[in-house]
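Novice: Okay, so the sequence shown: first residue is 10 according to the working numbering, each after it adds one.
The structure follows.
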Amino acid sequence: MGGDAWTHTGPYQRDLAAAFRQEQAEELVRDDHGFEGRSVEQLWHDPQWQEYIFTGGTGTVLDFPSLIDPTDPHDGPFMRPLTDDEVRAWAPHGRPTQEEWDAALQSEHLDFPARARGNCTVLYHDDKPARIGYWGVTAD
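Quick look at the structure:
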């Protein structure tokens, strides 16, 4: 199989790692995928969860154990913020709106990452940080 692409937005926080963890916790409340009563951290220590993610995944921020630095060279499964240069490649002003992000993904000016990887970036409204855009591809 080739992995399924997905997109999602969540609330902005200055600390992207904290925003990512919050979004994971909220996603887990929406759908625990049959792994009731466990935190995201507990799930990622469970071999059954890992098997679930690597053979299908959730198509959400739950598919990644953590957020890494934008310049971290590691492969997935990780969520990685875009660098400023990567953002400016499709949003030259450096403050993309959700509409610009959606359009860039649809027009392929902004690529989806490889399988078992995710990216995120801050999205702006009225030139102020408003949301975080998350997108990725499942591992399967």
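Note that beta-carbon positions come from the ideal geometry of N, C-alpha and C, so glycine has one too.
Remember, it's a predicted structure, so these values are computed and weren't measured experimentally.
(1) Determine the burial state of T147: buried for a count of at least 16 other Cβ atoms within 10 Å of its Cβ, exposed for fewer.
(2) With DSSP run on the structure shown, which of helix, strand or coil describes I77?
(3) Cβ atoms of F63 and S75: under 8 Å apart, would you say?
(4) How do the region 86-105 and the region 131-139 stand: do at least 3 beta-carbon pairs fall below 8 Å, yes or no?
(5) Need the endpoints of the alpha helix (DSSP H) that V49 sits in, please.
(6) Along the alpha helix (DSSP H) that carries Y39, what are the first and last residues, could you check?
(7) Between which two residues does the alpha helix (DSSP H) carrying W110 extend?
(8) With a CB to CB cut of under 7 Å and the five nearest residues on each side skipped, what residues in its chain are close to D136?
(9) Taking a contact to mean a Cβ-Cβ separation below 8 Å, would you say W99 touches H118 in this structure?
(10) Give the C-beta separation of I141 and G19 to the nearest angstrom, bearing in mind that I take them to be a contact with Cβ-Cβ under 8 Å.
(11) Report the rounded CA-to-CA distance for R126 versus R23, giving the unit in angstroms.
Specialist: This is what the structure holds:
(1) In the sequence shown, the residue the question calls residue 147 occupies position 138. Answer is buried; the Cβ neighbour count reaches 16.
(2) Numbered from its first residue, the sequence shown carries residue 77 at position 68. Secondary structure of I77 (DSSP, three-state): coil.
(3) Here residue 75 refers to the residue found at position 66 when the sequence shown is read from its first residue. Here residue 63 refers to the residue found at position 54 when the sequence shown is read from its first residue. Result no, Cβ atoms of S75 and F63 do not sit closer than 8 Å.
(4) Counting C-beta pairs with one atom in each stretch, the region 86-105 and the region 131-139 have three or more that are closer than 8 Å, which means they touch.
(5) In the sequence shown, residue 49 corresponds to position 40, counting from 1. Element bounds for V49: 49-53.
(6) In the sequence shown, counting from the first residue as 1, residue 39 sits at position 30. One detail in the question is off: residue 39 reads as Arg in this sequence, not Tyr. Start and end: 25-39.
(7) Locating residue 110 in the sequence shown gives position 101, counting from the first residue. 107-116 is the span of the alpha helix (DSSP H), which, as asked, contains W110.
(8) By one-based count along the sequence shown, residue 136 stands at place 127. Within the same chain, and ignoring the five residues on either side of D136 in sequence, the residues whose Cβ sits closer than 7 Å to its Cβ are R104.
(9) Here residue 99 is taken as the residue at index 90 of the sequence shown, counted from 1. Here residue 118 is taken as the residue at index 109 of the sequence shown, counted from 1. Taking a C-beta distance under 8 Å as the contact criterion, W99 and H118 qualify as a contact pair.
(10) The count along the sequence shown starts at 1 and reaches residue 141 at position 132. The count along the sequence shown starts at 1 and reaches residue 19 at position 10. Going by Cβ atoms, the distance from I141 to G19 rounds to 5 Å, so yes, they are a contact pair.
(11) Taking the sequence shown and counting its residues from 1, one reaches residue 126 at position 117. Taking the sequence shown and counting its residues from 1, one reaches residue 23 at position 14. Answer to the nearest angstrom: the Cα atoms are 22 Å apart.
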